[in-house]
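Colleague: Under mature numbering (1 follows the signal peptide of the UniProt record, and there is no 0), the residues of the sequence shown are numbered -26 to -1, 1 to 106, in order.
Note that CB positions come from ideal geometry on N, CA and C, so glycine has one too.
After the structure tokens below, expect a handful of questions from me.
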Amino acid sequence: MEPASPLLSAGFIMVCFLGAVRLSTGDESHCPCPKIPPWPLTEDPPEKCHQISDTFRYTCLVGYVRKAGTSNLIKCELKNKVGQWQNSTLQCIGEMFTELSFIWKRNFFTFAFDFTLLISDFILLMSKRLSL
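Encoded structure:
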């Protein structure tokens, strides 16, 4: 069997190389959304292909929780013919902070309740003394 001509081999290699370059440039019609942006105090988002309307939920790092009133959900939307991730409102706060906040609120409520009872007892006592 006769070996292939050098010109044919070079042509084959060139076609393979150009095909690999074309596929490696990241065809935007295949993955229209950019990488998910990292967010403070969250786990790294996965590096994979995302489509328009895909959603992603950030996860706070161990020891942190999502602050009430903030959202960990973002969505890829088409804006000006370009895929963009929505801005996040997520705030991850330390679990200890949430526990201390609850304890402070509970103690303040207990104090306010006790103070109200004390005032009520005082008024009741004074009204009894005045009626004597």
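I need the DSSP call for residue 51, collapsed to helix, strand or coil.
Modeller: Of the three classes helix, strand and coil, the one that applies to residue 51 here is strand, per DSSP.
Colleague: Ignore the nearest five residues each way along the sequence and tell me which others in residue 38's own chain have a CB closer than 8 angstroms to its CB.
Modeller: Hits under 8 angstroms: 15, 66, 67, 68, 69.
Colleague: Among 34, 48, 40, which one has its Cα closest to the Cα of residue 9?
Modeller: Nearest of 34, 48, 40 to residue 9, Cα basis: 48.
Colleague: Would you call residue 4 buried or exposed, if buried means 16 or more other Cβ atoms sit within 10 Å of its Cβ?
Modeller: When all chains shown are included, residue 4 counts as exposed.
Colleague: Determine the contact status of residue 7 and residue 57, defining contact as a CB-CB distance below 7 angstroms.
Modeller: Yes, the pair counts as a contact, with Cβ atoms nearer than the cut-off.
Colleague: Rounded to the nearest angstrom, what separates residue 18 and residue 51 at their Cα positions?
Modeller: C-alpha separation (whole angstroms): 21 angstroms.
Colleague: Should residue 64 be labelled buried (16 or more other beta-carbon atoms within 10 Å of its own) or exposed?
Modeller: Flag for residue 64 reads buried.
Colleague: Measuring only the C-alpha atoms, how far is residue 44 from residue 32?
Modeller: Each residue's alpha carbon lies about 11 angstroms from the other.
Colleague: Just the C-alpha distance for residue 60 and residue 29, rounded to the nearest angstrom, thanks.
Modeller: When rounded, the distance between both Cα atoms is 10 angstroms.
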